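Asker: Sharing a structure here in structure tokens format.
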Amino acid sequence: MPPPAGEGGFSLLEVLISVLLFSVGLLALIGMQAVVVGNTMDAEYRLQASYQANRIIGRMWVDRVNLATYDTDSEAGNDFLDDWLVDVAAALPGASGANAPTIQVNGDQVDVVIRWRRPGDGEVRTLATTTFINGAT
Numbered sequence: 094m095p096p097p098a099g100e101g102g103f104s105l106l107e108v109l110i111s112v113l114l115f116s117v118g119l120l121a122l123i124g125m126q127a128v129v130v131g132n133t134m135d136a137e138y139r140l141q142a143s144y145q146a147n148r149i150i151g152r153m154w155v156d157r158v159n160l161a162t163y164d165t166d167s168e169a170g171n172d173f174l175d176d177w178l179v180d181v182a183a184a185l186p187g188a189s190g191a192n193a194p195t196i197q198v199n200g201d202q203v204d205v206v207i208r209w210r211r212p213g214d215g216e217v218r219t220l221a222t223t224t225f226i227n228g229a230t
């Protein structure tokens, strides 16, 4: 049975609209996936920064006598600190140069600041932690 007059092409229009809606939904899904991947990378970098900060603080607890040598502004040499700085630069993108980690030791107080920049993003992210190491001389 042929379609009544005036309804020709109506099915084609319905198909085009459904394809358009499907395409918009698919693009939204792809956009959400990109956001999820970005957030996952941010979480991984925050986790790595936290791990590195805890690692150096743990080392300072063990080596309290030489606490002042862990200050990044100190002239005193510290091989573990040098290796740690290299490890942080390798683990976090953009964590070197102007964004190199800093450690400030003021008596028993230790401030560790780690900065990094996610690839393709100009924003510098920062993890800062402060701890007190009792028994430091």
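Heads up: the sequence shown begins at 94 in my numbering, then just goes up one per residue.
Yeah, the Cβ is synthetic: ideal placement off N, Cα and C, and Gly gets one too.
Please read these numbers as outputs of a predicted model, since none were measured by experiment.
Quick one: what's got a C-beta closer than 7 Å to Phe173's C-beta in the same chain, skipping five residues either side?
Answerer: These residues qualify, in order along the chain: Arg152.
Asker: Can you tell me which residues form a DSSP beta bridge with Val217?
Answerer: DSSP lists Arg210 as partners of Val217.
Asker: Tell me whether Glu133 sits in a helix, a strand or coil according to DSSP, three-state version.
Answerer: First, the amino acid is wrong: residue 133 is Thr here, not Glu. Of the three classes helix, strand and coil, the one that applies to Thr133 here is helix, per DSSP.
Asker: Between which two residues does the alpha helix (DSSP H) carrying Val158 extend?
Answerer: It is not in any alpha helix (DSSP H) - Val158 carries neither H nor E in the DSSP assignment.
Asker: So what does Gln145 bridge to, in DSSP terms?
Answerer: BP columns for Gln145 are empty, so no partner.
Asker: Based on the DSSP secondary-structure assignment, which residues constitute the bridge partners of Gln202?
Answerer: Bridge partners of Gln202: Asn199, Phe225.
Asker: Is DSSP giving Leu109 helix, strand or coil here?
Answerer: Note: Leu109 maps to helix in three-state DSSP.
Asker: To the nearest angstrom, how far is it from the Cα of Ile110 to the Cα of Gly118?
Answerer: When rounded, the distance between both Cα atoms is 12 Å.
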